[in-house]
Amino acid sequence: MTACCINPSILSADFANLQAELARIASADAVHVDVMDNSFVPNLTLGLPVVKRIQEVSDLPLDVHLMIDDADRWAPGYAELGAASVTFHAEAAAAPIRLARELRSIGSKAGMALRPATPVEPYLDLLGELDLLLIMTVEPGFGGQPFLDVMLPKIRRAAEAIRGSGLPVALQVDGGITEDTILRAADAGATVFVAGSAVYGADDPDQAVVRLREAAQR
Ligand code: DX5
Ligand code: ZN
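Per our numbering: the sequence shown = residues 219 to 436.
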């Protein structure tokens with residue numbers, strides 16, 4: 219798969235004006251929604267009731283990223299409210315294959331995320347169960363952190379495995395994606411790019427999406 223998608227993260231948006239903030243990213247491919255529980259990561263954001271309302275008012279598909287413990291219990295609820303994709307962390311799922319199958323059976327795409335220190339190799343046999351593999355390029359928990367270049371070889375290995383498998387698995391990167399870093403991630407094989415501060419920190423978030431898309435294809 220070639221680079222396709224820019225998914226702005228609303229973590230860097232104005233939480234008091236979410237509906238208006240969504241209207242500022244019309245060129246985006248999906249809205250990335252970061253759910254944090256102050257346990258899996260040291261930060262707390264939003265949960266099912268808020269994501270449900272975002273889904274109801276959003277014209278864009280929802281790309282939900284769950285940074286929460288006990289993903290097996292909570293992830294299906296996000297698929298049920300209509301999220302296009304639900305990504306759980308491998309480190310937080312007791313039965314990732316069963317969970318991925320459950321998400322797909324509800325009608326959502328199944329995504330699995332890996333923290334920077336989690337190796338990708340043990341999970342490559344699961345590619346057939348997944349629609350999306352997320353390689354974190356910062357420690358999850360906060361926006362605005364610098365891109366971890368040390369993750370590039372891991373992105374390359376995951377991209378090679380996906381290509382070799384022939385499976386249509388999207389390779390997402392999340393954290394520190396800017397106009398400067400996006401090409402390195404794209405060259406390593408990432409196909410879907412999450413950007414929070416690079417989009418909502420810009421004067422014109424929609425223009426920032428357009429510029430990121432161009433920078434990924436340079
Ligand atoms: C961090 C979140 C990211 C965050 C990215 O744990 O998963 O989605 O919003 O923000 P930036 O693009 O600013 O690194
Ligand atoms: Zn995220």
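For each residue, glycine too, the CB sits at the ideal point set by N, CA and C.
When the five nearest sequence neighbours on each side are left out, the beta carbons in the same chain lying within less than 6 Å of the beta carbon of residue 273 are those of 280, 299, 300, in order along the chain. Per DSSP, reduced to three states, the secondary structure at residue 326 is coil, with no helix or strand assignment. Beta-bridge analysis with DSSP links residue 223 to 410.
When the beta-carbon positions are compared, residue 325 and residue 364 stay at least 7 Å from each other. The straight-line gap separating the alpha-carbon atoms of residue 320 and residue 243 is approximately 30 Å.
For residue 247, the CB stays at least 6 Å from every heavy atom of the ligand ZN. Secondary-structure assignment with DSSP links residue 252 through a beta bridge to 283. In this structure, residue 262 has its CB at a distance of at least 6 Å from all heavy atoms of the ligand DX5. Environment of the ligand ZN, chain-ordered: 252, 283, 392, taking every residue with Cβ within less than 5 Å of a heavy atom. Assignment of residue 435 by DSSP, reduced to helix, strand and coil, places it in the coil class.
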